[in-house]
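J.: Next up is a structure, given as structure tokens.
There are 4 protein chains.
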Amino acid sequence: MKKRIGFMGLGIMGRAMAANLLKAGFPVTVYNRDKQKTLPLADIGALAADSPRQLADNCDVAILMVTGPEAIDELLFGIDGAAEGLAGKLCVNMSSVSPAYSRELAASLEAEGAVLIDAPVSGTKKPAEDGLLVILASGPEQTVRDLDDIFRAMGRKVVYCGPAGQGSMMKMTVNHLLGVMMHAFAEALLFGERGGLSMDAMVETIQSGAMACPMYQAKAPLLASGNYPASFPLKHMAKDLKYVLDTAYETGAHIPAAQAALGMYLLARERGLGDMDFAAVDKAMRDMLKG
Amino acid sequence: MKKRIGFMGLGIMGRAMAANLLKAGFPVTVYNRDKQKTLPLADIGALAADSPRQLADNCDVAILMVTGPEAIDELLFGIDGAAEGLAGKLCVNMSSVSPAYSRELAASLEAEGAVLIDAPVSGTKKPAEDGLLVILASGPEQTVRDLDDIFRAMGRKVVYCGPAGQGSMMKMTVNHLLGVMMHAFAEALLFGERGGLSMDAMVETIQSGAMACPMYQAKAPLLASGNYPASFPLKHMAKDLKYVLDTAYETGAHIPAAQAALGMYLLARERGLGDMDFAAVDKAMRDMLKG
Amino acid sequence: MKKRIGFMGLGIMGRAMAANLLKAGFPVTVYNRDKQKTLPLADIGALAADSPRQLADNCDVAILMVTGPEAIDELLFGIDGAAEGLAGKLCVNMSSVSPAYSRELAASLEAEGAVLIDAPVSGTKKPAEDGLLVILASGPEQTVRDLDDIFRAMGRKVVYCGPAGQGSMMKMTVNHLLGVMMHAFAEALLFGERGGLSMDAMVETIQSGAMACPMYQAKAPLLASGNYPASFPLKHMAKDLKYVLDTAYETGAHIPAAQAALGMYLLARERGLGDMDFAAVDKAMRDMLKG
Amino acid sequence: MKKRIGFMGLGIMGRAMAANLLKAGFPVTVYNRDKQKTLPLADIGALAADSPRQLADNCDVAILMVTGPEAIDELLFGIDGAAEGLAGKLCVNMSSVSPAYSRELAASLEAEGAVLIDAPVSGTKKPAEDGLLVILASGPEQTVRDLDDIFRAMGRKVVYCGPAGQGSMMKMTVNHLLGVMMHAFAEALLFGERGGLSMDAMVETIQSGAMACPMYQAKAPLLASGNYPASFPLKHMAKDLKYVLDTAYETGAHIPAAQAALGMYLLARERGLGDMDFAAVDKAMRDMLKG
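Residue numbers (this note's numbering), protein chains in the order written: chain A, 1029 to 1319; chain B, 1029 to 1319; chain C, 1029 to 1319; chain D, 1029 to 1319.
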């Protein structure tokens, strides 16, 4: 019999992931602070809980896909929070958090008798909708394996990363690279543009060579058009890179490229681009040269 | 009838490119300071010239694939240099140089009655051997088109970049991105490693997502093994990024990521890694953390 | 009548400051986790409390000079903590903390009926011993003015910085500059040394010009000798610059120089130099170039 | 008898230095491309030459104080250039150039029978006017000593730096530090301002502590007012830091702070601030945060 799922957080990512669980036949109860957002999911078969606690009581596995630690703490340990209802159950956090927070969360849930699976995702809006995310799963290994059918409904691949916290560590590592690559892409294209090259010729050259990747393919039209609809908001990239720096402060990793990239994302955020796609770092870099 | 080609510079790249021209049926005369290096090409049908001037007299199109401006100046304008023999002919420089140097070279050759085609390549040892380079061609457009058969013998794609100098501009733009991406890859993997992740899991995750690219696929084994046989020597990457900074000083481009990357390649060069592959920036970053 | 002072934290800075309060005639009760450290102060007239709570009961003004938030929380709110004994009294925190933490601390103490004066210092070991610190005082303005006799016993100048938290903001601003200036000093001298200049000639030139300052005068001998006895330990500089980055993340300040400096201090810490003076960043920069 | 001096270059610095030589009683012949600029010096006793060659014929010691290599080459080796008239004489270059250029210049002059003294200065407009420059002199040691009366007329101190080229190396080292310190000052003050501190309180605190220096004293009013009249134009600081990077590329020095600073000065230059004082890097940093 399929496990009953409780899904908290119905933003860009969460609503797509919950929809894919429903399509795969799982019974899903959803909760969102703004109840309006539960309606489209109710239309395709989801139950809507009135509180996180009610959701917890009606599921075997609670999944969280929210903006960060504050929202998680509120949903689990706030008034009518889910935690008390999760004794003997699994709590799968798929939101981006720092490894340090994730380890603390595992301990807090353990005190309630629940087991945390720390399983953030690699991929943004489109892969979420298409069920093509990569799941960066961590926690007790067998427990992670037992969740395979659930993960497969949302993603095309599960990478096992180690004990709880290591999924978040992997997510940070991936976003570390992602943040720098986007920054570098914008920087190199601007460099070439100043040197008189056409955007088309540059993108064609890059995508014909060893650096060709889906990310540049997806972002090049945003840079060419100057429009940056958000798949992954810039302010979230800034937050993730901040986690990277916080972690490097602890582990002693030397990360000048991530520092340079974070500096630029923060500058872009400061210039009012935080809600655009993180590719809008290009716009900040372009505009800041104008006096 | 096939154009007669003169090929100067038989290093890692040059010998592979000259061999492919021979395989495609072009008559090729080669010249190299160290004549020993001409022997393998003579074995497959090349003539060996005794001087650049002799080479110039025996070709319609002279190609240069050497380490930089000093070598080019010596071959073209030194004792028994090629330049005087190139009146009415084409000179195709495929070496990496700065756009500024390339424009000067075009003017110097024009004074001798020769036309410069500035056509560096994207791709390293393996694509050179397989005839799969991307040619970044610049100069008079029709003249570039007329060289298509020659370029196709060495590469799988020709991108027309504009007047002479713009091919070099494109090459710098590509290597700007390449240098930062390699730096970022090493940095992110070291960050993750310090956080307890396995190299295999990280590479699997990265190569499963939007950042997957042939370059990371090719370099990951070097980083995993700690051996860095040179496809593209680190000291050459340092040189190319220095051209990028020199050019940005002129054009006003703001390039903190390239600066951070150059700093790290220079540190690696200083630590004696200049002749290894540029992926050895990883080794410098790893070792510099040890007191 | 002189206010009775309770002084918690007898490290390099604290013991010198407490001694100066005693010399100025204030009745001082001291507390330190390691009671051994209270003995030299007892010798010159201090009382030693058995717990922070006992100290609180025996003073009008409690002063903290410890390593950071964890130590402060423990001393104030831990077992036998001082906070409950401070109702109606003043708590002067002179330790380096972030402005955010300082504001939280003010609120926590207010709940206990105590008023926080946030008053970190500019200056290291020698000025502390000589009573020549600069006090960066913040909190209710009149209350700060009323503490003038106490501050003057430890320092030669009091700068009023605004409401509680702003003293810490000033301290971070000062250490931001200090951290970058030290990094820059080491970097420029190493640059010159590589270019064949003598350390003596460089220091003479710098100290003869517009950049001449007591800090360079004090640190030059450390760099020249390669010995770095700690006036201000490098790991504390790293911590302070981390607060700067955390704060800039919130306020949107763009601080690439501080980022570059922090990167280097962390590298030095990682290489085992954390307990040396922060001038030892020079040693890390020097040694990391050796392969 | 006093040596006859030829002085080429009458910009902000040169006219003040030539005037001080006249005041000290030296016979001075001046040359400037724009002859208008020689008039104020003629008023106080200078002769005006019609060409660099004429100047050379009428002096024992030729001094250059111009914008850089192009101007020097033109004055010495251009039409009616000074070089041919300098056989058996001294040529003192006080302009900022790279050590590499300075060594080349020494060789070129040696071929003409002249000796180069490479002697750039530390100090800007005001010290130049007051005769309080620091002279960074290099070349044959006894020859440098013999110029002491001339140098003392323009400066308060002569630092002997080694063979020709080392004065320029020292100048770069000093400007390396200067460029970073100014960048750091602006960055730290902006950081503090964003955190709610007043400019006055910050400057008072900094100038009361170990970082107090004449440079910050001089620049603080420019930052406070937002007006940046040029003592040392920003574009020249950018040029000097570029020399620093070029030199570090050769020597293997690792200079991330200088790189970060240069990035910011170039951004400021790009925003149209190149002719303002280099303190205007503050304006660029301030304005670039506004979207």
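Backbone N, C-alpha and C fix where the C-beta goes; we use that ideal spot for every residue, glycine too. Quantities reported herein were computed from a predicted structural model and do not represent experimental measurements.
Could you name the residues of the same chain whose beta carbon sits closer than 8 Å to that of PRO1261(A), not counting the 5 residues immediately before and after it, in chain order?
T.: Indexing the first sequence from 1 puts residue 1261(A) at position 233. These residues qualify, in order along the chain: GLY1302, ASP1303, MET1304, ASP1305 and PHE1306.
J.: Excluding five sequence neighbours on each side, which residues of the same chain lie with their C-beta closer than 7 Å to the C-beta of PRO1257(C)?
T.: The count along the third sequence starts at 1 and reaches residue 1257(C) at position 229. Closer than 7 Å at the Cβ level, and outside the excluded window around PRO1257(C), lie ASP1305.
J.: To the nearest angstrom, how far is the alpha carbon of GLY1300(D) from that of GLY1116(B)?
T.: In the fourth sequence, the residue the question calls residue 1300(D) occupies position 272. In the second sequence, the residue the question calls residue 1116(B) occupies position 88. Near 45 Å, if we compare the C-alpha coordinates of GLY1116(B) and GLY1300(D).
J.: In chain order, what residues of the segment 1209-1224 of chain D put their CB closer than 8 Å to some CB of chain C?
T.: Going along the segment 1209-1224 of chain D in chain order, one finds MET1209, HIS1211, ALA1212, PHE1213, GLU1215, ALA1216, LEU1217, LEU1218, PHE1219, GLY1220, ARG1222, GLY1223 and GLY1224 with a Cβ nearer than 8 Å to chain C.
J.: Can you check whether the C-beta of LEU1273(C) is within less than 8 Å of a C-beta belonging to chain B?
T.: On the third sequence, residue 1273(C) is found 245 positions in, with the first residue counted as 1. So no, LEU1273(C) is outside the interface.
J.: Taking the alpha carbon of PRO1148(D) as the reference point, which residue from GLY1073(D), GLY1193(D) and LYS1051(D) has its own alpha carbon closest?
T.: Here the question's residue 1148(D) lines up with position 120 in the fourth sequence. The residue with the shortest Cα to Cα distance from PRO1148(D) is GLY1193(D).
J.: By the DSSP assignment, the beta strand (DSSP E) with SER1166(D) in it spans what residues?
T.: Reading the fourth sequence from its first residue, position 138 is the one you call residue 1166(D). That run of the beta strand (DSSP E) goes 1161-1166.
J.: List, in order along the chain, the chain C residues whose C-beta lies closer than 8 Å to that of ALA1285(D)?
T.: Reading the fourth sequence from its first residue, position 257 is the one you call residue 1285(D). Ordered by position in chain C, the residues that pass the 8 Å Cβ test against ALA1285(D) are VAL1208, HIS1211, ALA1212, GLU1215, ALA1285, ALA1288 and ALA1289.
J.: Here's the rule I'm using: 16 or more other beta-carbon atoms within 10 Å means buried, otherwise exposed. How should ALA1289(A) be labelled?
T.: Taking the first residue of the first sequence as position 1, residue 1289(A) is located at position 261. ALA1289(A) comes out buried.
J.: Could you check whether LEU1161(C) and GLY1195(C) sit closer than 8 Å to each other, using their CB atoms as the reference points?
T.: Residue 1195(C) sits at position 167 when you count from the first residue of the third sequence. Residue 1161(C) sits at position 133 when you count from the first residue of the third sequence. No. Outside cutoff.
J.: Is the Cβ of THR1279(D) closer than 8 Å to any Cβ of chain C?
T.: The residue given as residue 1279(D) occupies position 251 in the fourth sequence. With 8 Å as the cut-off, THR1279(D) counts as an interface residue toward chain C.
J.: State the beta-bridge partners of ILE1234(C) as determined by DSSP.
T.: Here residue 1234(C) corresponds to residue number 206 of the third sequence, with the count starting at 1. None, per the DSSP bridge assignment.
J.: For the ligand PLP, is there any heavy atom lying closer than 7 Å to the beta carbon of THR1057(C)?
T.: The ligand PLP is absent from the structure shown, which contains no ligands of any kind.
J.: At the 8 Å Cβ level, is LEU1295(A) part of the contact set with chain C, yes or no?
T.: Indexing the first sequence from 1 puts residue 1295(A) at position 267. It does: the Cβ of LEU1295(A) has a partner Cβ on chain C nearer than 8 Å.
J.: Is there at least one Cβ from chain C nearer than 8 Å to LYS1267(D)'s Cβ?
T.: Here residue 1267(D) refers to the residue found at position 239 of the fourth sequence. Cβ-Cβ to chain C under 8 Å: no for LYS1267(D).
J.: Based on Cα-Cα distance, which residue from ASP1085(D), ALA1074(D), TYR1129(D) and ASP1088(D) lies nearest to ILE1100(D)?
T.: What you label residue 1100(D) is simply residue 72 of the fourth sequence in a count that begins at 1. The shortest Cα separation from ILE1100(D) among ASP1085(D), ALA1074(D), TYR1129(D) and ASP1088(D) belongs to TYR1129(D).
J.: Starting from GLU1298(C), find everything on chain A with Cβ-Cβ shorter than 7 Å and list it in chain order.
T.: As a first step, residue 1298(C) must be located in the third sequence, where it is residue number 270. The answer, in chain order, is GLY1280.
J.: Alpha carbon to alpha carbon, how far is ALA1246(B) from LEU1217(D)?
T.: Looking up residue 1246(B) in the second sequence gives position 218. Looking up residue 1217(D) in the fourth sequence gives position 189. Looking at the two C-alpha atoms, the distance is approximately 46 Å.
J.: Buried or exposed: which applies to MET1041(A), given that a residue is buried once 16 or more other Cβ atoms fall within 10 Å of its Cβ?
T.: In the first sequence, counting from the first residue as 1, residue 1041(A) sits at position 13. MET1041(A) should be labelled buried.
J.: Along the chain, where does the alpha helix (DSSP H) that runs through THR1057(C) open and close?
T.: Residue 1057(C) sits at position 29 when you count from the first residue of the third sequence. Segment 1056-1059 is the beta strand (DSSP E) holding THR1057(C); no alpha helix (DSSP H) there.
J.: Shorter than 8 Å from the beta carbon of GLY1151(B) to some beta carbon of chain A?
T.: As a position in the second sequence, residue 1151(B) is number 123, starting the count at 1. Interface residue, yes.
J.: Is there a Cβ of chain C sitting closer than 8 Å to that of LYS1270(A), yes or no?
T.: The residue labelled residue 1270(A) in the question sits at position 242 within the first sequence. It does; some Cβ of chain C falls within 8 Å.
J.: The beta strand (DSSP E) that contains ASP1146(D), what's its start and end?
T.: The residue given as residue 1146(D) occupies position 118 in the fourth sequence. It spans 1143-1146 - the beta strand (DSSP E) in which ASP1146(D) sits, taken as one unbroken run.
J.: Excluding sequence positions up to five away, which residues of its chain have a Cβ less than 6 Å from the Cβ of MET1197(A)?
T.: The residue labelled residue 1197(A) in the question sits at position 169 within the first sequence. Cβ neighbours of MET1197(A) beyond the five flanking positions: PRO1127.
J.: Is it a yes or a no for the segment 1214-1233 of chain C touching the segment 1229-1242 of chain D, going by three-plus beta-carbon pairs under 8 Å?
T.: No, the segment 1214-1233 of chain C does not touch the segment 1229-1242 of chain D.
J.: Who are the Cβ neighbours of THR1275(D) in its own chain at under 8 Å, not counting the five residues just before and after it?
T.: For the purposes of this step, residue 1275(D) is taken as residue 247 along the fourth sequence, with counting starting at 1. Excluding sequence neighbours, THR1275(D) sits near SER1126, PRO1127, ALA1128, MET1197, MET1200 and ALA1281.
J.: Can you list the residues of chain D that GLY1025(A) reaches, using a CB-CB cut of under 9 Å?
T.: The requested residue 1025(A) does not occur in the structure, where chain A is confined to residues 1029 to 1319.
J.: Taking the beta carbon of GLY1037(A) as the centre, do at least 16 other beta carbons fall within 10 Å, making it buried, or is it exposed?
T.: Residue mapping note: residue 1037(A) aligns to position 9 of the first sequence, counting from 1. It counts as buried.
J.: If you count every other CB in all the chains shown that lies within 10 Å of the CB of PRO1284(D), and 16 or more means buried, which is it?
T.: Residue 1284(D) sits at position 256 when you count from the first residue of the fourth sequence. Flag for PRO1284(D) reads buried.
J.: Of the choices LEU1103(D), THR1171(D) and ARG1180(D), whose alpha-carbon is the least far from that of ASP1158(D)?
T.: Taking the first residue of the fourth sequence as 1, we reach residue 1158(D) at position 130. Looking at the Cα atoms, ARG1180(D) is the closest of the given residues.
J.: Just the Cα atoms here: how many angstroms apart are MET1313(C) and PRO1191(C)?
T.: As a position in the third sequence, residue 1313(C) is number 285, starting the count at 1. As a position in the third sequence, residue 1191(C) is number 163, starting the count at 1. So the two alpha carbons sit approximately 39 Å from each other.
J.: Would a C-beta distance cut-off of 8 Å place LEU1273(C) and LEU1273(A) closer than the cut-off?
T.: Position 245 of the third sequence, counted from the start, is the residue given in the question as residue 1273(C). Position 245 of the first sequence, counted from the start, is the residue given in the question as residue 1273(A). For LEU1273(C) and LEU1273(A), yes; Cβs fall inside 8 Å.
J.: Are ALA1090(B) and GLY1034(B) touching if we call contact CB-CB under 8 Å?
T.: Residue 1090(B) sits at position 62 when you count from the first residue of the second sequence. Residue 1034(B) sits at position 6 when you count from the first residue of the second sequence. Against a cut-off of 8 Å, the Cβ pair of GLY1034(B) and ALA1090(B) comes out as a contact.
J.: The alpha helix (DSSP H) spanning ARG1043(C) covers which residue range?
T.: Locating residue 1043(C) in the third sequence gives position 15, counting from the first residue. Element bounds for ARG1043(C): 1040-1051.
J.: What residues from the segment 1182-1196 of chain C come within 8 Å of chain B, judged by C-beta to C-beta, listed N to C?
T.: Answer set for the segment 1182-1196 of chain C: empty.
J.: Less than 8 Å between the CB atoms is what I'm expecting for GLY1096(A) and LYS1267(A), so what's the real figure, rounded?
T.: Looking up residue 1096(A) in the first sequence gives position 68. Looking up residue 1267(A) in the first sequence gives position 239. With 8 Å as the limit, GLY1096(A) and LYS1267(A) qualify as a contact, their Cβ atoms being about 7 Å apart.
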